[in-house]
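**Student:** Pasting a structure below so you can have a look.
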Amino acid sequence: NFQGREALVAERERGIARILRGIATEGRRPAREGSVVHSTAGDGVVTSGNFSPVLGHGIALAFLPPALAVDDAVEIDVRGTAVAGRVVKLPFVRKQASGV
3 NFQGREALVA ERERGIARIL RGIATEGRRP AREGSVVHST AGDGVVTSGN FSPVLGHGIA
63 LAFLPPALAV DDAVEIDVRG TAVAGRVVKL PFVRKQASGV
C-alpha cells in the first residue's frame, strides 16, 4: 500500500476523463490557452497553442476526451470565433534522417 493508491484505483475504475492530444488548426490563427475545444465526443480545453512557421498553420496541445482519434474534426472557440481543426499525432514535426 502506498500514498495515492486510492486515487489511482478510483481513476482506473472511472476511466480516464481527458488525454493530451495535438490539434492542427486551419489557417494561421492558433488556439490559445484556455480555449474550449468542441467535438462530437465532448468538450476539451487547450493548454497551449501558437502558429507554426514550419507547418504553416496553428498548432495546439489540448486535453480532449479519449474517444477522439487522429484526424477527428474539432472546433475551437478562440476569443469568440470558431476555428476549425483536427486531432493530429504528436510530435507535430517529425525528425528527418540527416543523411550524414
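Under my numbering, think of the first position of the sequence shown as 3, with each following residue one higher. No residue lacks a Cβ here, since even glycine has one placed at the ideal position from N, Cα and C. Model, not experiment: these values are computed from the prediction.
#1: Whose CA, out of Gly46, Val76 and Thr83, lies closest to the CA of Arg20?
#2: I'd like the span of the alpha helix (DSSP H) that includes Val11, first residue to last.
#3: What number of angstroms, rounded off, separates the C-alpha of Val102 from the C-alpha of Gly87?
#4: Using the Cα positions of Glu28 and Arg34, report the straight-line distance between them to the nearest angstrom.
#5: How is the beta strand (DSSP E) around Glu77 delimited, first residue to last?
**Tutor:** If we stick to the structure as given:
#1: Gly46
#2: Its alpha helix (DSSP H) spans residues Arg7 to Arg16.
#3: For Val102, the predicted structure reports a pLDDT of 48, less than 50, and the residue's modelled location is therefore unreliable. A value from the coordinates is still provided. Roughly 36 Å between the two C-alpha positions.
#4: 14 Å
#5: Ala75 to Val80
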